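Colleague: Read left to right, the sequence shown gives residues 9 to 282 (my numbering). This is the structure I have questions about; it appears just below.
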Amino acid sequence: MRDAFELTIKPRSGWQPINVAEISHHWELLGFLVWRDVKIRYRQTLLGGLWAIMQPLLAMLIFTVVFNRFAGVHSDGAPYPLFAYAGLAPWFFFTNSVSQSSNSLVSHQHLVSKIYFPRIFIPLGAMGAFLIDLFLSLTLCAGLMLHYHWPFTRNLLLLPLFILGCVLTAGGAGLILSAINVNFRDVKYAVPFLIQMGLFVTPVIYPARYIPARWQSLLGLNPMAGMVMGFRHAFLGSPASWTTMTISLAASAILFVAGLFIFRRMELRFADII
């Protein structure tokens, strides 16, 4: 039998710490929200979960033709299709997670306004559903490596570190944007534009060496830049700057912690405004 848990809801103001006991007590609710989002997303679709690998695969083919064949963009060692796919897998996880989680509170306003539970689970649940898509994409990436006879290296052991970095980055951005979206609905229009622009300032379709040297020191401040480089380093053994990746990992952790506190600070008025 589960231990008794008593929660007292009372007025509060200012910055508040995360209630770890409350979150741990309702942990299974997060799993339920993740599974529900997965079922809803692929309900009444012909391809179902195949869309998880179709998106980065089709993007890889298009970028290979446009940027590699026509524009002359080359990878940093691996065949360009492999290079592009290894960057697109984490990038699609990030963009899909942020797009869904930023609008998650507004989409679930009936839950927010009528039932009390840790509201943080709503944007995190929307993001968690795409973790399944990410693992499916990484499975295909391994299959492409076999197809191109590209060797696996011990760098693959670093992959969980960069997956964690992607989760922290997407989670932090999703928490902040979802909280802001409750007050300002402009967020749903701004997010797609920012994501499109982010593709060009993140080395997804080109190697980091294409970035001018004077900007290299700032590259790590973009958390996804280091994560994309990390995924390629883990899968393909591509050269990568540990300084850049370390800064990006630190930035992803800071972004997630900031997201937790900002969400907690703005959570007070969700039910009244939404």
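Ideal Cβ placement from N, Cα and C applies to all residues, glycine included. Keep in mind that this is a model prediction, so the values were computed, not measured.
#1: Whole-angstrom Cβ separation of Ser249 and Pro231, contact assumed at under 8 Å?
#2: Check whether the stretch 58-75 touches the stretch 133-150, taking contact to mean three or more Cβ pairs, one atom from each stretch, closer than 8 Å.
#3: Among the residues of its own chain, which have a CB less than 7 Å from the CB of Ile26, if the five just before and after it don't count?
#4: Could you check where the alpha helix (DSSP H) with Pro200 kicks off and where it finishes?
#5: Any idea what DSSP makes of Ser83, helix, strand or coil?
#6: Arg51: buried (16+ other C-beta within 10 angstroms of its C-beta) or exposed?
#7: Would you mind sorting Ile213 into buried or exposed? The rule is 16 or more other CB atoms within 10 Å of its CB.
#8: Between which residues of its own chain and Ala266 is the CB-CB distance below 8 Å, once the five residues before and five after are set aside?
#9: Going along the chain, which residues of its own chain have a beta-carbon closer than 8 Å to the beta-carbon of Ile270, five neighbours each way excluded?
#10: Per DSSP, what kind of secondary structure is Val175 in: helix, strand or coil?
#11: Look at the alpha carbon of Ala86 and the alpha carbon of Pro159, and state the distance between them as a whole number of angstroms.
#12: Starting from Glu30 and walking both ways along the alpha helix (DSSP H), at which residues does that stretch end?
#13: If you count every other CB in all the chains shown that lies within 10 Å of the CB of Val28, and 16 or more means buried, which is it?
#14: If the criterion is Cβ atoms closer than 9 Å, does the pair Ile262 and Thr103 meet it?
#15: Relative to the C-alpha of Gly95, which candidate in Phe75, Pro64 and Ser121 has its C-alpha closest?
#16: What is the C-beta distance between His241 and Phe125, in whole angstroms, given that I count them as a contact (C-beta under 8 Å)?
#17: If you draw a straight line from the C-alpha of Lys122 to the C-alpha of Arg217, how long is it?
#18: I'd like to know if the stretch 150-159 and the stretch 127-139 are in contact, where contact means that at least 3 CB-CB pairs between them fall below 8 Å.
#19: Can you have a look at Met205 and say buried or exposed, based on whether 16 or more other CB atoms are within 10 angstroms of its CB?
#20: Under 8 Å by Cβ, that's how I've got Ile130 and Leu113 pegged, so tell me the actual separation to the nearest angstrom.
#21: Can you look up Asn111 in the DSSP assignment and give me helix, strand or coil?
#22: Of the residues Phe239, Val120, Leu229 and Ile281, which one's Cα is nearest the Cα of Leu172?
#23: When burial is assigned at 16 or more other CB atoms within 10 Å of the CB, is Arg277 buried or exposed?
#24: Judging by CA-CA distance, which residue of Gln108, His82 and Pro89 is the nearest neighbour of Lys196?
#25: Taking the continuous alpha helix (DSSP H) assigned at Arg240, which residues delimit it?
#26: When the Cα atoms are used, what is the spatial distance from Gln224 to Ala259?
#27: Whole angstroms is fine: what's the gap from Ala134's alpha carbon to Ala221's?
Modeller: Taking the coordinates as given:
#1: As a working mapping, residue 249 is identified with position 241 in the sequence shown. As a working mapping, residue 231 is identified with position 223 in the sequence shown. So it is not a contact: roughly 15 Å between Cβ atoms.
#2: By the Cβ rule, the stretch 58-75 counts as touching the stretch 133-150, because three or more pairs are nearer than 8 Å.
#3: Residue mapping note: residue 26 aligns to position 18 of the sequence shown, counting from 1. Correct list, in chain order: Leu268 and Arg272.
#4: On the sequence shown, position 192 is the one that residue 200 refers to. For Pro200, the enclosing alpha helix (DSSP H) has its first and last residue at Val195 to Val209.
#5: Here residue 83 refers to the residue found at position 75 of the sequence shown. Coil, per DSSP.
#6: The count along the sequence shown starts at 1 and reaches residue 51 at position 43. The residue is exposed, with fewer than 16 neighbouring Cβ atoms inside 10 Å.
#7: The residue you call residue 213 lines up with position 205 of the sequence shown. It is buried - the Cβ of Ile213 has at least 16 other Cβ atoms within 10 Å.
#8: As a working mapping, residue 266 is identified with position 258 in the sequence shown. Cβ neighbours of Ala266 beyond the five flanking positions: Gly180 and Ile184.
#9: Residue numbering aside, residue 270 sits at position 262 when the sequence shown is read from its first letter. If the five residues before and after Ile270 are omitted, its C-beta is found closer than 8 Å to the C-beta atoms of Leu183, Ile184 and Ala187, all from its own chain and listed in chain order.
#10: Walking along the sequence shown from the start, residue 175 turns up at place 167. Correct three-state label for Val175: helix.
#11: The residue labelled residue 86 in the question sits at position 78 within the sequence shown. The residue labelled residue 159 in the question sits at position 151 within the sequence shown. Looking at the two C-alpha atoms, the distance is approximately 10 Å.
#12: Along the sequence shown, read from residue 1 onward, the residue named residue 30 stands at position 22. Counting along the chain, the alpha helix (DSSP H) containing Glu30 begins and ends at Val28 to His33.
#13: Looking up residue 28 in the sequence shown gives position 20. Label assigned to Val28: exposed.
#14: The residue given as residue 262 occupies position 254 in the sequence shown. The residue given as residue 103 occupies position 95 in the sequence shown. The Cβ atoms of Ile262 and Thr103 do not sit closer than 9 Å to each other.
#15: Along the sequence shown, one-based indexing puts residue 95 at 87. Taking only the C-alpha atoms, the option nearest Gly95 is Pro64.
#16: As a first step, residue 241 must be located in the sequence shown, where it is residue number 233. As a first step, residue 125 must be located in the sequence shown, where it is residue number 117. Not really, about 39 Å apart at Cβ, beyond 8 Å.
#17: Here residue 122 refers to the residue found at position 114 of the sequence shown. Here residue 217 refers to the residue found at position 209 of the sequence shown. Each residue's alpha carbon lies about 52 Å from the other.
#18: no
#19: Numbered from its first residue, the sequence shown carries residue 205 at position 197. Counting Cβ neighbours within 10 Å, Met205 comes out exposed, since fewer than 16 surround it.
#20: Taking the first residue of the sequence shown as position 1, residue 130 is located at position 122. Taking the first residue of the sequence shown as position 1, residue 113 is located at position 105. About 6 Å; that satisfies the 8 Å criterion.
#21: Here residue 111 refers to the residue found at position 103 when the sequence shown is read from its first residue. Reduced to three states, the DSSP call for Asn111 is coil.
#22: For the purposes of this step, residue 172 is taken as residue 164 along the sequence shown, with counting starting at 1. With distances taken between Cα atoms, Leu172 lies closest to Phe239.
#23: Translated into positions along the sequence shown, residue 277 becomes position 269. Arg277 is classed as exposed because its beta carbon has fewer than 16 other beta carbons within 10 Å across all chains shown.
#24: Residue 196 sits at position 188 when you count from the first residue of the sequence shown. Ranked by how close their Cα comes to the Cα of Lys196, the residues Gln108, His82 and Pro89 have Gln108 in first place.
#25: Translated into the one-based positions of the sequence shown, residue 240 becomes position 232. Its alpha helix (DSSP H) spans residues Pro231 to Leu244.
#26: By 1-based counting over the sequence shown, the position of residue 224 is 216. By 1-based counting over the sequence shown, the position of residue 259 is 251. Cα to Cα, the separation comes out at about 16 Å.
#27: As a first step, residue 134 is located in the sequence shown; it is residue number 126 there, counting from the start. As a first step, residue 221 is located in the sequence shown; it is residue number 213 there, counting from the start. Their Cα atoms are separated by approximately 37 Å.
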